[in-house]
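Residue numbers (my numbering), protein chains in the order written: chain X, 103 to 522; chain V, 103 to 522. Where a beta carbon is used, it is the ideal one built from N, C-alpha and C, also for glycine. Here the structure is a predicted model, which is why all the values come from computation and not from measurement. Here is the structure we will look at.
2 protein chains.
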Amino acid sequence: MALTILKGNIVSAPRLGQLDVTEGGYLVARDGMILGVFPQLPAEFQGAFVEDFGGDLIVQAFSDMHLHAPQYPMLATGMDLPLLDWLNTYAFPTEARFADRDYARAVYRTLARDLIAGGTTRVCMFSSLHTDATLILMEELERAGVTGFVGKVNMDRNSAPGLLEETTEESKRETLRWLEACADFRGLRPILTPRFTPSCTDALMAFLGELSRTRDLPVQSHLSENRQEIQWVRQLHPDCRQYWQTYQKFGLWHDKTVMAHCVWSDEEERRAMKEAGVTVVHCADSNQNLCSGVAPVRKMLREGLQVTLGSDVAGGDSLSMFQVVASSIRASKARRILDNWETDFLTVAEGWYLGTSAAAHFFGEKPGFAPGNRLHAMVLRDTDLHTPSHLDPKARLERAVYLRQKDCVRAVWSDGRRVL
Amino acid sequence: MALTILKGNIVSAPRLGQLDVTEGGYLVARDGMILGVFPQLPAEFQGAFVEDFGGDLIVQAFSDMHLHAPQYPMLATGMDLPLLDWLNTYAFPTEARFADRDYARAVYRTLARDLIAGGTTRVCMFSSLHTDATLILMEELERAGVTGFVGKVNMDRNSAPGLLEETTEESKRETLRWLEACADFRGLRPILTPRFTPSCTDALMAFLGELSRTRDLPVQSHLSENRQEIQWVRQLHPDCRQYWQTYQKFGLWHDKTVMAHCVWSDEEERRAMKEAGVTVVHCADSNQNLCSGVAPVRKMLREGLQVTLGSDVAGGDSLSMFQVVASSIRASKARRILDNWETDFLTVAEGWYLGTSAAAHFFGEKPGFAPGNRLHAMVLRDTDLHTPSHLDPKARLERAVYLRQKDCVRAVWSDGRRVL
């Protein structure tokens, strides 16, 4: 690959709440690895090809840390039910269609293309329980240039009988078959995906915990999204005082675990996340659409938890991470109102960090355009927006977020490779 | 004008919560006045020209009942302060630029075009305090095809000294000059616009109340948006127990009054609105952006208040009424959470009604595509959205709302005239 040198107004989020701006700067990568951001081109690179994006913004690409690929067909419909009814009425029938490989191919090709078009280059994603469709999803993501983690869903109880179900034995066998096929992928890795505690028998949970331990595999699931769900988990696991313990007791609660939602996680559950190094995915759109509640993100950040963002398509109604960042800021203002104005809302700089840098830790990298990171970047050309007054790069970024300016994405690099 | 006949999937909101669907139906207007929606073309119109939009949705155009035209340049920036600080730091300096007629012309031409492009054909709008710029705004709106009410702002105290201010005498004189010039407009009418109680001396309020009475003019202003604002009003008018009484005592509180926000209006203030026939404008985006709170819209609707929607640009961050309708639904879910799940959220049908039909009353019409209404309609072509499964017209409307599909607007009629 050799050298990639991008010139423009470079904005990155090296720390929560901080935006570094280098106007007319140079972002340099070699063989897909970032060497640095420089105000002037260092002497050693003189004469190398520079892609000059003029006044455009060059920013980090997004990481969408929680979404359900097979729910993409129902995007922005069916938002009138609480979680458990919503799953049975809308989500499960939609996912069931992915037994059809051709259907899967068509939807996932579109999804992968739309992710890149919106500047999302890293994901932590749920597939359905279908092994073949999961592999098709991974093929389409890899082809489009999306990297990260994808999981075949496990659910051997409380599913949709005759429509979307697997036995414990099928679930185990298909998981092993899927893991074997995953060796063929370069930019995508498998993540174990018990749908959520009510969907998995103890035997299946134990099997997955053991797989995670012996093969050093990451885990993703859902936690404390909705109060009825929490009650249900309590009935299913009377030996566990808290929801998180139903994952912990099977070895599914560690520093490679990602938990979506955590709307109702209290101090004890949050401490358990902190101690284990669990990554939280805040899904503001989804939590509001399904009336689940508003996660206490400010508290989590103060306590030092790893908080990232997810679109949660299709509980969330938009694949655009511009929207997701804007929604996390909005949600923090709703949270402020709920907290009687006692918690601070998220600033644009903080929201941007959560949508970009915060996931770096989970991918084994550093926040911002840190040297040593893989190049995940995008160019935002906002010149066709009305700009009646001069805006500095930070104000332009704010506007791109609030206007959900996914149309501004003019170029994208993923894992060092130009993909748009 | 003679006959206009539009064929397509016609969806209208004749009552709060109800969507009428006529698949492959005919919307017929004569001289800009709606005659009806028909499943088959009535015999009397056989042979007349029919514009056939195939499977597209034909729906009512939007009414944006509260927005600040001179804040359009700051759209989607500066969302980090509460109301009163936000006004001084961002809004007043932005509005001050409209002393420049050329600047006003350029911004307002864009605004008017963007309103029509987004399917908004009726407005109730604040200008700045500048008479000339207000007339330019009205010219540009009329040229683009936007109808409704526009107000030159009055503010003779607590303004931005040296930047954006007028004396009581100037305010009166300019208001009369502006009203005289308004006679030249056809689709746009003047509305008296005391900015809000803290901005106007008693003398100015009394003058405006008298104008409203003698010339039968409507009134728009702000009410109970923010708790600090309410405290301030209480200090300014110690004789008034409640904010609304500061308008009432000057004759500015009647059935041609529109009040934006009403976030903190309690039972007594709401009863005063109901009894006087005051129209409420709910501005969900703005109220959340500025952390003002969440208006009790469900309660207002139950109590029989006239509730409409406003983008409140630029406290709101989007001119798109698709966004505004979606945000009102979102806000109702935040309100449900605030109310411990005791109030129902707004359905899509209800949100759509609020963004379209609810304002009909203020414009002297009936909800929906009622015979006798002027033709305000738009065609939504959503065929370029991914539709992996069959969606009926109601589901398509829901999706258009949640996806903020302003790009779907392919044709617009305002006051009987094709304007896009």
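Residue from the options whose Cα sits closest to the Cα of residue i
i, options, result
"ALA131(X)", "ALA150(X), VAL123(X) and ASP122(X)", "ALA150(X)"
"PRO175(X)", "SER229(X), SER326(X) and GLY134(X)", "SER229(X)"
"VAL503(X)", "SER422(X), VAL380(X) and ALA479(X)", "SER422(X)"
"ALA472(V)", "SER434(V), ALA115(V) and PRO184(V)", "ALA115(V)"
"GLU327(V)", "MET361(V), GLU271(V), ASN475(V) and VAL426(V)", "MET361(V)"
"THR299(V)", "VAL335(V), LEU310(V) and THR124(V)", "VAL335(V)"
"GLU244(V)", "MET257(V), THR223(V), VAL255(V) and THR191(V)", "THR223(V)"
"GLY157(X)", "ILE431(X), ARG438(X), GLU125(X) and GLU500(X)", "GLU125(X)"
"LEU440(X)", "ILE218(V), ASP304(V) and VAL396(V)", "VAL396(V)"
"GLU312(V)", "ILE332(V), THR277(V) and ARG343(V)", "THR277(V)"
"ILE112(V)", "ASP446(V), GLY119(V) and VAL161(V)", "VAL161(V)"
"MET375(V)", "GLU272(V), LEU325(V) and GLN333(V)", "LEU325(V)"
"GLN173(X)", "MET227(X), HIS463(X), LYS274(X) and MET257(X)", "MET227(X)"
"ALA479(X)", "GLY138(X), ARG329(X) and ALA283(X)", "GLY138(X)"
"LEU217(X)", "GLY406(X), TRP280(X), MET181(X) and MET167(X)", "MET167(X)"
"GLU331(V)", "ASP318(V), TYR345(V), LEU319(V) and PRO340(V)", "TYR345(V)"
"ALA285(X)", "ALA308(X), LEU319(X), ARG476(X) and LEU338(X)", "LEU319(X)"
Beta-carbon proximity of residue i to residue j, cut-off 8 Å
i, j, result
"GLY457(X)", "LEU411(X)", "yes"
"LEU189(X)", "SER394(X)", "no"
"GLY221(V)", "ALA163(V)", "yes"
"LEU121(X)", "ARG498(X)", "no"
"VAL521(V)", "ALA214(V)", "no"
"ARG259(V)", "SER314(V)", "no"
"SER323(X)", "TYR349(X)", "yes"
"THR303(V)", "THR270(V)", "yes"
"GLU169(V)", "SER430(V)", "The sequence shown places Leu at residue 169(V), rather than the Glu named in the question. No. Outside cutoff."
"VAL123(X)", "PRO495(X)", "yes"
"LEU310(X)", "LEU354(X)", "yes"
"MET257(V)", "GLU272(V)", "no"
"LEU281(V)", "VAL255(V)", "no"
Presumed contact (8 Å Cβ cut-off) between residue i and residue j, rounded CB distance
i, j, result
"GLY253(X)", "LEU294(X)", "6 Å"
"PHE194(V)", "ALA262(V)", "4 Å"
"ARG291(V)", "PHE251(V)", "5 Å"
"GLY418(X)", "ASN442(X)", "That belief does not hold up - the Cβ atoms of GLY418(X) and ASN442(X) are roughly 27 Å apart, past 8 Å."
"TYR210(V)", "GLU242(V)", "4 Å"
"CYS342(X)", "LYS351(X)", "7 Å"
"TRP454(X)", "VAL415(X)", "In fact, because the Cβ distance is near 20 Å, the residues do not count as touching under 8 Å."
"VAL399(X)", "VAL409(X)", "6 Å"
"ALA386(V)", "ALA433(V)", "4 Å"
Neighbourhood of residue i by C-beta distance below 7 Å, restricted to the same chain and skipping five residues each side
i, result
"PHE155(X)", "LEU108, LYS109, GLY110 and VAL481"
"ASP234(X)", "ARG203"
"PHE140(V)", "GLY127, TYR128 and VAL130"
"PHE287(X)", "MET240 and GLU244"
"PHE424(V)", "ALA502, VAL503, ARG506, GLN507 and LYS508"
Residue-chain proximity (residue i, chain V), Cβ-Cβ < 8 Å
i, result
"PHE424(X)", "no"
"ASP419(X)", "yes"
"TYR504(X)", "yes"
"LYS435(X)", "yes"
"ARG432(X)", "yes"
"ASP182(X)", "yes"
"GLY395(X)", "yes"
"LEU411(X)", "no"
"PHE194(X)", "no"
"LEU217(X)", "no"
"THR179(X)", "yes"
Contact with chain X by residue i, beta-carbon distance below 8 Å
i, result
"GLU153(V)", "no"
"GLU500(V)", "yes"
"ARG438(V)", "yes"
"GLN390(V)", "yes"
"THR449(V)", "yes"
"TYR497(V)", "According to the sequence shown, residue 497(V) is Ala rather than Tyr. Answer yes: the Cβ-Cβ gap between ALA497(V) and chain X drops below 8 Å somewhere."
"ALA214(V)", "no"
"LEU493(V)", "yes"
6 Å Cβ shell around residue i - same chain, five flanking residues per side excluded
i, result
"THR359(V)", "VAL321 and VAL380"
"HIS356(X)", "ALA378"
"ARG512(V)", "VAL481 and ARG483"
Beta-carbon proximity list for residue i, same chain, < 8 Å, skipping 5 on both sides
i, result
"LEU265(X)", "PHE194, PRO195 and ALA198"
"ARG373(V)", "GLU405"
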